[in-house]
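**Q**
2 protein chains.
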Amino acid sequence: MTGVMSDKELRRVTRGFQTLHSVLRLRILAALAERESNVRDLEDVLRVSQPLLSWHLTQLRQAGFVTAERMGREVRYRFQPAAFQELVHTMETLLGISLSNEEK
Amino acid sequence: MTGVMSDKELRRVTRGFQTLHSVLRLRILAALAERESNVRDLEDVLRVSQPLLSWHLTQLRQAGFVTAERMGREVRYRFQPAAFQELVHTMETLLGISLSNEEK
DNA sequence: CTAACATATAAACGCTTATTTATGGATTTA
DNA sequence: TAAATCCATAAATAAGCGTTTATATGTTAG
Chain A
20 MTGVMSDKEL RRVTRGFQTL HSVLRLRILA ALAERESNVR DLEDVLRVSQ PLLSWHLTQL
80 RQAGFVTAER MGREVRYRFQ PAAFQELVHT METLLGISLS NEEK
Chain B
20 MTGVMSDKEL RRVTRGFQTL HSVLRLRILA ALAERESNVR DLEDVLRVSQ PLLSWHLTQL
80 RQAGFVTAER MGREVRYRFQ PAAFQELVHT METLLGISLS NEEK
């Protein structure tokens, strides 16, 4: 039963994990999960420089965790829950575990 | 509602993600999820050098994904599902999402 | 006790990537 | 159209980490 999952599929997963490896990235995601925001808003909330934010947002977007939409001169970023959910689902399959919410 | 989660808690999560960032690590975990093994067995299954395996196993162990037990001159490694499950649970809380297995 | 086996550790190297600083591009406003 | 605003990109630097090679530690067998 070894090797049932392709390297391509696993690389997609590891890319997701790589992208979530810093506290700042998680804080950005959490902020966007609360409400969609432009870069300026995040800058104020998270107290980090604008280029640094742009870079992290690009990484999160390329990994599918957020989407970006130009609106006037702003760019609004939105959290995308599906990306993480799919990641977890692949891991459940790979490891043969389940994350059932405690049975009621 | 921003910042409900401590940096300490988030660092624990990011450490978990950091640890799962390579395909080889995932393959090691998947192999151990199938059956507990010593280093020699994994070496044969995964076709990587012994020091490299030892290093990755140490990382996985320090992050809580596996446990190690000395048995004679071997060391048996076991997959530890709880670590990943807790990781996911923290993320659900942080992002306000749920990964419910489809409701029946 | 010595040799063989199983695993861990150390040193050295290279690569990736986060961060800072500076600048460019796009859009609106006056 | 000129200035201001918002965001992205480039260059440079530094730090972390995976990989290899070599050696050390621990355990059993003869």
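Those protein sequences? They're chains A and B, same order as listed. Numbering-wise, the first sequence is residues 20 to 123 according to the numbering used here. Numbering-wise, the second sequence is residues 20 to 123 according to the numbering used here. Here a beta-carbon is modelled for each residue, glycine too, at the ideal position from N, C-alpha and C.
With a threshold of 7 Å on Cβ separation, who are the neighbours of Pro100/A within its own chain once the five nearest residues in sequence on each side are excluded?
**A** Counting only Cβ-Cβ distances below 7 Å, and skipping sequence neighbours, we find nothing.
**Q** Enumerate in chain order the residues of its own chain whose CB-to-CB distance from Ala87/A is below 6 Å, with the five nearest sequence positions on each side excluded.
**A** Arg80, Val94, Tyr96, listed in sequence order.
**Q** Can you give the beta carbon distance from Val64/B to Leu76/B, rounded, assuming they're within the 8 Å contact cut?
**A** Contact flag wrong, Cβ pair sits at about 13 Å.
**Q** Using a Cβ cut-off of 8 Å, pull out every chain B residue sitting near Ser41/A, in sequence order please.
**A** In chain order: Thr33.
**Q** Applying the 10 Å Cβ sphere with the 16-neighbour rule, what's the burial state of Leu114/B?
**A** Buried: at least 16 other Cβ atoms inside 10 Å.
**Q** If I measure Cβ to Cβ from Glu53/B and keep anything under 6 Å in the same chain, skipping five residues before and after, which residues do I get?
**A** Within the same chain, Glu53/B has no close Cβ partners at all.
**Q** Report all residues from its chain with a CB closer than 7 Å to the CB of Ser117/B; omit the five preceding and five following residues, and keep chain order.
**A** The residues are Glu111.
**Q** Does the stretch 57-73 of chain B touch the stretch 21-35 of chain B, meaning 3 or more C-beta pairs lie closer than 8 Å?
**A** With a cut-off of 8 Å, the stretch 57-73 of chain B and the stretch 21-35 of chain B do not count as touching, because too few Cβ pairs lie within range.
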